[in-house]
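Peer 1: Protein chains in written order, with my numbering: chain A, 3 to 168; chain B, 170 to 371.
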Amino acid sequence: MKPSAVDAVIRGLKKAGVSIVCYLPDSLFKPLYPALDADPDIRTIRVTNEGEGAAICGGVFLSGKRAALVMENSGLRASVEPLARMGLGAGIPVVMLMSYRGEMGENNWWAIPHGITMEPVLNALRIPYRVVREEDEIERAITDAYDWSYASYYHSAVALGGSVVR
Amino acid sequence: MKRYDCMKALAARLKGELVILSLGASVDEWYNAAPHMREASLFQQQLGCVTPEAFGLAVGLPHRRIVSLDTDGGMMFNLGILATLGNEQPKNLFIVVWDNEMYQSIGGPPTHTAFGRVDIAAIARGAGIENAFTALTIEEFDEHCAKGLAAEVPYVVVAKVSGTVQPDIKRKHSDGREDKYIFVRHVEASEGITIMGPSEHN
Chain A
3 MKPSAVDAVI
13 RGLKKAGVSI
23 VCYLPDSLFK
33 PLYPALDADP
43 DIRTIRVTNE
53 GEGAAICGGV
63 FLSGKRAALV
73 MENSGLRASV
83 EPLARMGLGA
93 GIPVVMLMSY
103 RGEMGENNWW
113 AIPHGITMEP
123 VLNALRIPYR
133 VVREEDEIER
143 AITDAYDWSY
153 ASYYHSAVAL
163 GGSVVR
Chain B
170 MKRYDCMKAL
180 AARLKGELVI
190 LSLGASVDEW
200 YNAAPHMREA
210 SLFQQQLGCV
220 TPEAFGLAVG
230 LPHRRIVSLD
240 TDGGMMFNLG
250 ILATLGNEQP
260 KNLFIVVWDN
270 EMYQSIGGPP
280 THTAFGRVDI
290 AAIARGAGIE
300 NAFTALTIEE
310 FDEHCAKGLA
320 AEVPYVVVAK
330 VSGTVQPDIK
340 RKHSDGREDK
350 YIFVRHVEAS
360 EGITIMGPSE
370 HN
């Protein structure tokens, strides 16, 4: 991930009003995590699994502040249970920013399941998403996700793929 | 020790706090035991989400005391949150774990804590939460409530309670969506903020 893409993500998060980020690190977003940690306007919380991060983000929503759940797309599967309970049960939204592991071009066998399951899982949960492969679309995709989630009070997701992360 | 008696003792200590609670029979018990906290309590049915959500709320409202009413089944579902709290050390989060050693709402099959080996307070201490205790009597529990509500570090009390449910209590009949709105409107009013505001074009 290029420094300019990292900057675009942080710019998008700030424009959307995000002040808290929960994350479980992955390799494609590797440069993003220290940049988030170093940003004085963003409180980062490292979690043990992405489902826990989703639930923390739900709690942040209830406080009136805005959070983001940053993760590899494999974390989506770990998050399904809390996402379903909070989103479908109560209308507590979580906005997710994921690296798109396992899309066409993937050369790691272990990452293939992440690509195969990401979109069907998002669709099963009725979560709208945008796959972004161009750096100049990152900022807008993030702010659009927050606009949608704060109109619907439901989850949304942005997956960064292609040359943005490789 | 009965959970309902513990709830009554805790409720008597609460005023301006915010509470997030777990699922099952404890929901109706809290609804009856703490009527003055109805709007300040988030009634959900979210196994494994309760303490993480309470922590998120505590991060967002660092000046406000947040109480998590979790359960043995709920905490065992997601033990990782204890490690996160051990590292993050929130100053305003008090966690109660109702440990009746059973999945009560489905008829009482045992949880992992029922066999005398698994100790949630010890796990919490091992995860870096220094103040994590087990209460066996109502007096012990009440004392931990006093300390936990005043602590400047995360504080966990595991209340070993019987598997009985308080008889003849009113059932709460609102769903999680309605309960969320009641809670959010209370947070908005008490904090002077807008969480779920108007659309751009109403």
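Beta carbons are placed, not taken as given, at the ideal position from N, Cα and C, and that holds for glycine.
Residues of chain A with CB under 8 Å from Val-353(B), in chain order?
Peer 2: Leu-64
Peer 1: Run down chain B in chain order and give the residues with a C-beta less than 9 Å from the C-beta of Gly-73(A).
Peer 2: Per the sequence shown, residue 73(A) should be read as Met rather than Gly. Those within 9 Å of Met-73(A) in chain B number zero; the least Cβ separation is about 14 Å.
Peer 1: Could you tell me the distance, in whole angstroms, from the CA atom of Gly-225(B) to the CA atom of Ala-57(A)?
Peer 2: 8 Å
Peer 1: Run the CB neighbour count on Lys-349(B), radius 10 Å, all protein chains shown included, and call it buried at 16 or more, exposed below.
Peer 2: It counts as buried.
Peer 1: Drop a sphere of 10 angstroms on the beta-carbon of Ser-29(A), count the other beta-carbons inside from all chains shown, and report buried for 16 or more, exposed for fewer.
Peer 2: exposed
Peer 1: Are three or more beta carbon pairs between the stretch 176-187 of chain B and the stretch 26-44 of chain A nearer than 8 Å?
Peer 2: no
Peer 1: Which residues share a DSSP beta bridge with Cys-24(A)?
Peer 2: Ile-47(A) and Leu-71(A)
Peer 1: Please specify which runs of the alpha helix (DSSP H), each continuous and at least 4 residues long, are wholly inside the stretch 56-120 of chain A, giving them in chain order.
Peer 2: For the stretch 56-120 of chain A, whole alpha helix (DSSP H) runs of length 4 or above, ordered along the chain, are 76-85.
Peer 1: If you run the structure through DSSP and keep just helix, strand and coil, what is Ala-203(B)?
Peer 2: coil
Peer 1: Quick check for students: name the residue ranges of the beta strand (DSSP E) that lie wholly in the stretch 237-316 of chain B, counting only runs of 3 or more.
Peer 2: 262-268 and 300-304
Peer 1: Within the continuous beta strand (DSSP E) that includes Tyr-131(A), where are the two ends?
Peer 2: 131-134
Peer 1: One question on the structure: do Ile-240(B) and Ser-195(B) come within less than 9 Å of each other, judged by their Cβ atoms?
Peer 2: The question names Ile, yet the displayed sequence has Thr at residue 240(B). Going by C-beta atoms, Thr-240(B) is nearer than 9 Å to Ser-195(B).
Peer 1: Look up Tyr-324(B) in the DSSP assignment and give the residues it is bridged to.
Peer 2: Phe-263(B) and Asn-300(B)
Peer 1: Determine the chain B residues that contact Pro-84(A) at a beta-carbon separation under 8 Å, and present them in chain order.
Peer 2: Gln-215, Gly-217, Cys-218 and Pro-221
Peer 1: Pull up the distance between the alpha-carbon of Gly-193(B) and that of Asp-138(A), whole angstroms please.
Peer 2: Gly-193(B) and Asp-138(A) have their C-alpha atoms some 48 Å from each other.
Peer 1: Between Leu-262(B) and Pro-323(B), how many whole angstroms is the CB-CB distance? I'm expecting something under 8 Å.
Peer 2: 5 Å
Peer 1: Between Gly-60(A), Leu-34(A) and Met-73(A), which lies nearest to Thr-50(A) when the distance is taken from Cα to Cα?
Peer 2: Met-73(A)
Peer 1: Between the stretch 16-26 of chain A and the stretch 138-158 of chain A, can you find at least three pairs of beta-carbon atoms closer than 8 Å?
Peer 2: yes
Peer 1: Could you spell out where the alpha helix (DSSP H) holding Phe-31(A) opens and where it closes?
Peer 2: Note, Phe-31(A): premise wrong, no alpha helix (DSSP H); not H, not E.
Peer 1: For Pro-204(B) and Lys-177(B), I'd like the C-alpha separation in whole angstroms.
Peer 2: 10 Å
Peer 1: Would you please verify whether the beta carbon of Thr-50(A) is less than 9 Å from any beta carbon of chain B?
Peer 2: yes
Peer 1: Using 10 angstroms around the beta-carbon of Met-106(A), count the other beta-carbons present and answer buried if the total reaches 16, otherwise exposed.
Peer 2: Within 10 angstroms of the beta-carbon of Met-106(A) lie fewer than 16 other beta-carbons, which makes it exposed.
Peer 1: What residues of chain B sit near Tyr-155(A), judged by a beta carbon separation below 8 Å?
Peer 2: Met-365
Peer 1: To the nearest whole angstrom, what separates the beta carbons of Asn-256(B) and Gly-53(A), a pair I think is in contact under 8 Å?
Peer 2: 18 Å between Cβ atoms; not a contact.
Peer 1: Give the range of the alpha helix (DSSP H) segment to which Ala-147(A) is assigned.
Peer 2: Run containing Ala-147(A): 140-154, per the alpha helix (DSSP H) assignment.
Peer 1: Buried or exposed: Ala-153(A), going by 16 or more other Cβ atoms within 10 Å of its Cβ?
Peer 2: exposed
Peer 1: Using CA coordinates, which residue listed in His-281(B), Ala-319(B) and Ala-296(B) is at the minimum distance from Gly-242(B)?
Peer 2: Residue His-281(B) is the option with its Cα nearest to Gly-242(B).
Peer 1: Can you give the Cα-Cα distance for Ala-7(A) and Pro-122(A), rounded to whole angstroms?
Peer 2: 26 Å
Peer 1: What whole-angstrom Cβ distance do Met-100(A) and Ala-159(A) have, given they're in contact under 8 Å?
Peer 2: 6 Å
Peer 1: From Glu-136(A), Tyr-156(A) and Arg-79(A), pick the residue whose C-alpha is nearest to that of Met-3(A); which is it?
Peer 2: For the residues Glu-136(A), Tyr-156(A) and Arg-79(A), the minimum Cα distance to Met-3(A) belongs to Glu-136(A).
Peer 1: If you compare alpha carbons, which of Gly-61(A), Ile-44(A), Tyr-148(A) and Gly-104(A) is closest to Gly-77(A)?
Peer 2: Its Cα nearest to that of Gly-77(A), the residue Gly-104(A) stands out among Gly-61(A), Ile-44(A), Tyr-148(A) and Gly-104(A).
Peer 1: When the cut-off is 9 Å and only beta carbons count, does Gly-55(A) lie next to chain B?
Peer 2: yes
Peer 1: Using the C-alpha atoms, what's the distance from Met-88(A) back to Lys-67(A)?
Peer 2: Distance from the CA of Lys-67(A) to the CA of Met-88(A), rounded to the nearest whole angstrom, comes to 17 Å.
Peer 1: Give the C-beta separation of Val-96(A) and Val-228(B) to the nearest angstrom, bearing in mind that I take them to be a contact with Cβ-Cβ under 8 Å.
Peer 2: Under the criterion of beta carbons closer than 8 Å, Val-96(A) and Val-228(B) do not qualify as touching, at roughly 14 Å.
Peer 1: Quick one: is Thr-303(B) near chain A, going by C-beta distance under 9 Å?
Peer 2: no
Peer 1: If you measure between the beta carbons of Phe-352(B) and Val-326(B), is that distance less than 9 Å?
Peer 2: no
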